[in-house]
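Heads up, the thing below is written out as structure tokens.
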Amino acid sequence: MHRKHNLSKRSRAYCAENEKLHLYKLLFSNRTSVHVSDLFGDTPLHIGAKGKLGVCKLLISNGANVNALNKFDQTPLHYAAEVGKVATCKFLISKGANINAFDQWNNTALHFAAQQGKVDVCRLLISHGARINCENFVKVTPLHAAVLTKCRYELSGIRREFQLPIRTRQMYKSCLPESKDAKKGQLSVCKLLISNGANVNALNQLNETPLDRAAILGKADICKLLISHGTNVKASNNVKRWNVLPLNYAAQEGYTAICELLISNGANINLLNGIDETPLHCAALGGKVAVCKQLISNGANINTLNRRNETPLDDTIRKNERLVRTRAEIIGGLDEHDDSIGQELLMFSSCWLKTAPI
Numbered sequence: 016m017h018r019k020h021n022l023s024k025r026s027r028a029y030c031a032e033n034e035k036l037h038l039y040k041l042l043f044s045n046r047t048s049v050h051v052s053d054l055f056g057d058t059p060l061h062i063g064a065k066g067k068l069g070v071c072k073l074l075i076s077n078g079a080n081v082n083a084l085n086k087f088d089q090t091p092l093h094y095a096a097e098v099g100k101v102a103t104c105k106f107l108i109s110k111g112a113n114i115n116a117f118d119q120w121n122n123t124a125l126h127f128a129a130q131q132g133k134v135d136v137c138r139l140l141i142s143h144g145a146r147i148n149c150e151n152f153v154k155v156t157p158l159h160a161a162v163l164t165k166c167r168y169e170l171s172g173i174r175r176e177f178q179l180p181i182r183t184r185q186m187y188k189s190c191l192p193e194s195k196d197a198k199k200g201q202l203s204v205c206k207l208l209i210s211n212g213a214n215v216n217a218l219n220q221l222n223e224t225p226l227d228r229a230a231i232l233g234k235a236d237i238c239k240l241l242i243s244h245g246t247n248v249k250a251s252n253n254v255k256r257w258n259v260l261p262l263n264y265a266a267q268e269g270y271t272a273i274c275e276l277l278i279s280n281g282a283n284i285n286l287l288n289g290i291d292e293t294p295l296h297c298a299a300l301g302g303k304v305a306v307c308k309q310l311i312s313n314g315a316n317i318n319t320l321n322r323r324n325e326t327p328l329d330d331t332i333r334k335n336e337r338l339v340r341t342r343a344e345i346i347g348g349l350d351e352h353d354d355s356i357g358q359e360l361l362m363f364s365s366c367w368l369k370t371a372p373i
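By this note's numbering, the letter at position 351 of the sequence shown is numbered 366, and the numbering carries on one by one without gaps.
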């Protein structure tokens with residue numbers, strides 16, 4: 016039995032981050048102590064992998080297990096890959112680290128590096144045999160993970176609420192504190208993975224391709240990349256599901272460039288989501304006038320009824336139902352106290368009022 020908690024996490028973290036080798040030598044004066052673990056099962060090498068290379072060398076030279084598992088079955092290589100420590104990853108691999116080790120959710124180090132936009136680490140892992148198209152337990156590939164940078168929900172599989180169209184935006188964006196470096200690395204990682212054989216049409220557990228994910232998140236540059244490498248834009252046309260469809264969601268968020276990309280490459284402009292809403296319904300409900308005009312000019316059906324028997328115009332009114340008394344007010348003029356919202360409604364109604372059912 017290895018001793019636990021006899022060295023505080025704070026002490027280990029301090030040594031690891033500041034490469035206080037003399038302190039490590041003092042703290043780890045015998046080989047047993049290199050195997051201690053904290054509440055989460057992290058060993059000194061797990062902590063050291065996030066810090067300086069010298070600490071890792073010292074620990075391994077004193078008998079630390081390079082493939083030690085914490086309580087989530089994550090190895091030091093998972094940790095080093097996640098924070099982008101190229102030299103540390105290279106050293107761990109040279110000492111026998113398992114490149115394709117799975118954690119509790121079947122994520123590899125490549126999943127972690129791709130998720131964080133660490134292109135140099137991804138390149139290193141791939142050159143040493145990392146599996147490009149490996150899936151975690153919700154069928155997320157490294158390419159899926161790269162699109163949704165900085166989101167822990169994806170890799171841990173906590174995505175049940177993503178099946179609800181109205182709440183998907185909040186779920187995605189609440190876990191996306193992306194830095195500029197992460198966004199820059201995101202596109203580079205996608206290019207690297209694709210050039211090494213990543214399946215651009217891979218489906219996760221919710222039948223989403225990487226393109227679906229990129230469209231939902233407003234990643235126009237990644238959408239262009241995926242489409243240029245053969246992503247089947249029409250794949251979503253054959254899937255009716257409760258979770259968000261790319262064109263419907265892009266319309267709701269006002270991503271005009273992505274809408275144009277999807278439409279020009281064959282996306283069904285009248286595709287119904289799980290509650291029978293078309294992209295035009297979604298754009299109207301999201302308050303996106305420019306997208307409404309864009310969809311209508313491309314042939315969107317303005318009279319389609321959703322499960323509530325509402326047209327897109329009905330959705331516009333419902334969005335502002337507290338301020339609009341009747342549909343006649345849109346046609347005949349709004350109450351003088353409702354001028355601000357009236358202008359918005361008139362802009363929407365001008366898109367389809369002449370042909371929408373009254």
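Think of the CB as a built atom: it goes at the ideal place given N, C-alpha and C, for glycine as much as any other residue.
Cβ neighbour criterion (16 or more within 10 Å) applied to residue i
| i | result |
| --- | --- |
| VAL127 | At residue 127 the sequence reads Phe, which differs from the Val that was named. When all chains shown are included, PHE127 counts as buried. |
| ASP236 | exposed |
| ASN313 | exposed |
| ILE290 | exposed |
| LEU226 | buried |
| LYS249 | exposed |
| ASN219 | buried |
| ASN85 | buried |
| LYS234 | buried |
| ASN216 | exposed |
| ARG228 | buried |
| ALA299 | buried |
| GLY200 | buried |
| LEU54 | exposed |
| GLY144 | exposed |
Straight-line Cα distance separating residue j from residue i
| i | j | result |
| --- | --- | --- |
| ILE209 | CYS149 | 14 Å |
| VAL153 | GLN119 | 12 Å |
| TYR264 | LEU277 | 12 Å |
| ASN247 | LEU92 | 34 Å |
| LEU68 | GLN89 | 19 Å |
| CYS302 | ILE311 | Reading off the sequence, residue 302 comes out as Gly, not Cys. So the two alpha carbons sit approximately 15 Å from each other. |
| PRO4 | ASN151 | A question about residue 4 goes unanswered here, because the residues of the chain that appear run from 16 up to 373. |
| ASN122 | ALA116 | 8 Å |
| ASN214 | ILE332 | 42 Å |
| ALA305 | GLY269 | 8 Å |
| GLY212 | CYS297 | 35 Å |
| ASP280 | GLY56 | It is worth fixing the name first, because residue 280 is Asn in this sequence and not Asp. The straight-line gap from Cα to Cα measures roughly 49 Å. |
| LEU241 | GLY66 | 35 Å |
| THR103 | ALA64 | 7 Å |
| PRO327 | ALA282 | 19 Å |
| LEU286 | ILE141 | 38 Å |
| ASN271 | ASN316 | The question names Asn, but residue 271 in the sequence shown is Thr. Taking the straight line from one Cα to the other gives about 18 Å. |
Residue i Cβ short of 7 Å to the ligand ATP heavy atom set
| i | result |
| --- | --- |
| LEU84 | With respect to the ligand ATP, the structure offers nothing, as it holds no ligand at all. |
For residue i, three-class secondary structure by DSSP
| i | result |
| --- | --- |
| ASN85 | coil |
| LEU310 | helix |
| PRO180 | For PRO180, the pLDDT reaches just 37, beneath the cut-off of 50, and the residue's location in the model is therefore unreliable, although a value from the coordinates is still provided. Looking at PRO180 - three-state DSSP - the assignment turns out to be helix. |
Quiz item: Okay, do the region 73 to 91 and the region 47 to 55 touch, 3+ Cβ pairs below 8 Å being the bar?
Solution: Yes: at least three Cβ pairs fall under 8 Å.
**Message:** In chain order, what are the residue ranges of uninterrupted alpha helix (DSSP H) at least 4 long that sit wholly in the region 98 to 139?
**Reply:** For the alpha helix (DSSP H) assignment, the uninterrupted runs of no fewer than 4 residues enclosed by the region 98 to 139 are, from N- to C-terminal side, 101 to 109, 124 to 130.
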